[in-house]
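A.B. asks:
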Amino acid sequence: MVRRCLFLAVSAVLIAGHLVAHAQSQQPITHCSNWLKGGQVRTALEHWLIGYMSGMSTVWEMQGLKPANPGGRIKKNADLFLYVDAHCRLNTGDDVSVAGFKLFRELASQK
1 MVRRCLFLAV SAVLIAGHLV AHAQSQQPIT HCSNWLKGGQ VRTALEHWLI
51 GYMSGMSTVW EMQGLKPANP GGRIKKNADL FLYVDAHCRL NTGDDVSVAG
101 FKLFRELASQ K
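For the sequence shown, the numbering used here gives the first residue as 1, with consecutive numbering after it.
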């Protein structure tokens, strides 16, 4: 049940990201290339990412999963952004939502 909820949540985010295409490049707004460009799109993605991580933690907590509140292990937003920076530099064809989901999984697997 929990895996299905997480799968559905992640799928919805990925689909939504791909539906919102960037006008010039035909890439989703959440594409790593947009993250790395900086500017207003980057700022919007940073806000989106904070909400995404918060939402993942809320679903996690509602399901009563352990460890409690994995997203709460991020002490500063800058740490979250550094993780996504590194992910996007190594995986230039990826999506910011993938980076966020991978980070959340890493945090959730810590004891």
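From the three backbone atoms N, C-alpha and C, an ideal C-beta is built for every residue, glycine too.
Per DSSP, H47 is paired with what?
C.D. replies: DSSP output for H47 lists no bridge partner at all.
A.B. asks: Would you kindly work out how many angstroms separate the C-alpha atoms of Q63 and M56, rounded to a whole number?
C.D. replies: Roughly 11 Å between the two C-alpha positions.
A.B. asks: Spatial neighbours of V41 within its chain, please: C-beta separation below 7 Å, excluding the five flanking residues on both sides.
C.D. replies: Result list for V41: I29 and N34, in chain order.
A.B. asks: Hey, how far is the Cα of C32 from the Cα of K102?
C.D. replies: Approximately 14 Å, taken between the alpha carbons.
A.B. asks: Would you kindly work out how many angstroms separate the C-alpha atoms of Q110 and Q27, rounded to a whole number?
C.D. replies: Going by the C-alpha atoms only, they are around 33 Å apart.
A.B. asks: Classify P67 as helix, strand or coil using the three-state DSSP reduction.
C.D. replies: Of the three classes helix, strand and coil, the one that applies to P67 here is coil, per DSSP.
A.B. asks: Which residue comes first and which comes last in the alpha helix (DSSP H) that contains R89?
C.D. replies: N77 to L90 is the span of the alpha helix (DSSP H), which, as asked, contains R89.
A.B. asks: Going by C-alpha distance, which of T92, R73, D94 and N91 is nearest R105?
C.D. replies: If we check each option's Cα against that of R105, R73 comes out closest.
A.B. asks: Which first and last residues belong to the alpha helix (DSSP H) in which R105 is found?
C.D. replies: V96 to S109 is the span of the alpha helix (DSSP H), which, as asked, contains R105.
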